[in-house]
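Chemist:
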Amino acid sequence: MKKILLLFALVFTAQFSTVSAQTQLDVNGVTVPRKIEIQNKTMQLNGAGGRSKMWLEVYVQALYLSQLSQDPKFIIDSDTEMAVRIEITSSMVSSNKLTKAMNTGFEKSAGSNLEALRPRIEQFKTLLSDPITEKDVFILFYNPLDQTVNVIKNDVPKGKIPGFDFKQALFGIWLSDKPVDETLKKHLLGI
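For the sequence shown, the numbering used here assigns the number 8 to the initial residue and increments by one for each residue that follows.
(1) For Asn-150, which option in Ser-119, Thr-133, Asp-172 has the closest C-alpha, if you only look at C-alpha atoms?
(2) Which same chain residues end up closer than 8 Å to Ile-198 when comparing Cβ atoms and leaving out the 5 residues on each side of it in sequence?
(3) Give me the DSSP bridge partner(s) of Thr-155.
(4) Report, in whole angstroms, the separation of the C-beta atoms of Trp-50 and Ser-73, which I expect to be a contact under 8 Å.
(5) Within 8 Å, do at least three Cβ pairs link the stretch 99-119 to the stretch 182-198?
(6) Quickly, what does DSSP pair Pro-164 with across the bridge? List them, please.
(7) Can you tell me whether Ala-90 is buried or exposed, with buried defined as 16 or more other CB within 10 angstroms of its CB?
(8) Over the uninterrupted beta strand (DSSP E) stretch that includes Glu-94, give me the two end residues.
(9) Using DSSP bridges, identify the partner residues of Gln-68.
(10) Starting from the Cα of Leu-152, find the closest Cα among Asp-162, Thr-87, Gln-130, Lys-174 and give me that residue.
(11) Go through its chain and collect everything with a Cβ distance to Lys-132's Cβ below 6 Å, but skip five positions before and after it.
(12) What whole-angstrom Cβ distance do Glu-94 and Val-163 have, given they're in contact under 8 Å?
(13) Relative to the C-alpha of Asp-137, which residue among Val-100, Thr-96, Ala-123 is closest?
(14) So, with DSSP's three-state summary, where would you put Gln-175?
(15) From Leu-75 to Leu-196, what does the alpha carbon distance come to, in whole angstroms?
(16) Give me, in chain order, the residues of the same chain whose beta-carbon lies closer than 8 Å to that of Trp-181; leave out the 5 immediate sequence neighbours on both sides.
(17) Is it the case that the Cβ atoms of Ser-183 and Ser-119 are separated by a distance below 8 Å?
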């Protein structure tokens, strides 16, 4: 039994080493870059996974950090640059459905701070209100220099939302104790 476990560990480690050396990763048919650069800040891929709704893959999400971590609380509370990359993989996703899902996520992650965040959540939802098509890529980049979340769609800046507390609630949608998808959370943490 020990030999089998050791063999499994060696094979798994070899596979992981091969994957780590690649410049990009394939997740559910979506090419996810290992590094991204935004506003002259380079961040590394921490983890990536797909989000499903009713047996349908709706998007592939990746978490990029300047300091890799598997600790969700550390990531949420970290005042360093980080980004979430979301690539839409289904034509079933609309801006209305995406903003509704974000709203539900904020309700779970913001807790007692929800009402204080409400005006900024509404502003954030307007930045996502353009029509959405399959293959659209959203990047939600937190810049600690001015403590804003920058919304970028298909490489075009759409606007930014102020506040470290907003950043905490936003990243909490996927990484809090009540994430929208527990499996996706594990993938983003690289677990």
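Glycine is no exception: its CB is placed at the ideal position from the N, C-alpha and C atoms.
Modeler: Put simply:
(1) Nearest of Ser-119, Thr-133, Asp-172 to Asn-150, Cα basis: Asp-172.
(2) Shown here for Ile-198: same chain residues with a beta carbon closer than 8 Å to its own, the five before and five after excluded, namely Gly-54, Gln-77 in chain order.
(3) Answer is Asn-150, Pro-169, bridged to Thr-155.
(4) A quick correction: the sequence has Met, not Trp, at residue 50. The pair is a contact, with the Cβ atoms about 5 Å apart (cut-off 8 Å).
(5) Verdict: yes, contact present.
(6) Note: Pro-164 sits in a beta bridge opposite Ile-159.
(7) With at least 16 other beta carbons inside 10 angstroms of its own, Ala-90 counts as buried.
(8) Unbroken beta strand (DSSP E) run through Glu-94: 89-95.
(9) Answer is Gly-56, Ile-93, bridged to Gln-68.
(10) Ranking Asp-162, Thr-87, Gln-130, Lys-174 by Cα distance to Leu-152 puts Thr-87 first.
(11) Answer for Lys-132: Thr-106, listed in chain order.
(12) Going by Cβ atoms, the distance from Glu-94 to Val-163 rounds to 15 Å, so no, they are not a contact pair.
(13) Asp-137 has its Cα closest to that of Val-100, out of Val-100, Thr-96, Ala-123.
(14) Looking at Gln-175 - three-state DSSP - the assignment turns out to be helix.
(15) Looking at the two C-alpha atoms, the distance is approximately 9 Å.
(16) Excluding five sequence positions before and after Trp-181, the CB atoms of its chain that fall closer than 8 Å to its own CB belong to Gln-68, Leu-70, Val-91, Gly-112, Val-187, Asp-188, Leu-191, Lys-192, Leu-195, given in chain order.
(17) At the C-beta level, Ser-183 and Ser-119 stay beyond 8 Å of one another.
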